[in-house]
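The block underneath contains the structure these notes are about, expressed in structure tokens.
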Amino acid sequence: MTAHEDGPLLRPYTLTRGRTRPSGPDFDLMTVIRTAPAAYSGVSGLAPEHWRILQLCRVPLSVADLASELGLSLNVVRILLGDLRDQGLITARPQATVAQLPEERILREVIQGLQAL
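Numbering (the numbering used here), first residue to last: 65 to 181.
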């Protein structure tokens, strides 16, 4: 297969400018990424991969889903996300864990309250 058939061939170190770790805290696989409002105010100087991330993350996406959509390795995506986070162009929040979810009893009471309306 040629580069034309597969699309452009870019080595990961080219996309990350030789960096092997993101700046700041690492992104977990299930961290949810969303484009921040600041990204809509005429940002310039970003690489095409950064722009693609901002487009995809208009709806919340996990880091794992984002890497899959981009066809890039998780490490490369984490580095690119670190760039965007440093510029305030994305928000990142951990996925809710079972410990963070309300108890079943509370949810049942809410449902019963709503049904009583």
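Where a beta carbon is used, it is the ideal one built from N, C-alpha and C, also for glycine. No experiment lies behind these values; they were computed from the predicted model shown.
Quiz prompt | Secondary structure, beta strand (DSSP E): runs of 3+ residues fully inside the region 86 to 121 | solution = 96 to 99
Practice problem: Output the distance between the C-alpha atoms of Gly152 and Tyr104, rounded to the nearest integer angstrom. | Solution: 11 Å
Quiz prompt | Ser137 (DSSP reduced to helix, strand or coil) | solution = DSSP places Ser137 in coil when its eight states are reduced to three.
Quiz item: Can you tell which of Asp129, Asp150, Leu93 and Phe91 has its C-alpha closest to the C-alpha of Ala24?
Solution: Coverage of the chain is limited to positions 65 through 181, which leaves residue 24 absent and any answer about it impossible.
Exercise. Report buried or exposed for Leu144, applying the criterion of at least 16 other Cβ atoms within 10 angstroms of its Cβ.
Key: buried
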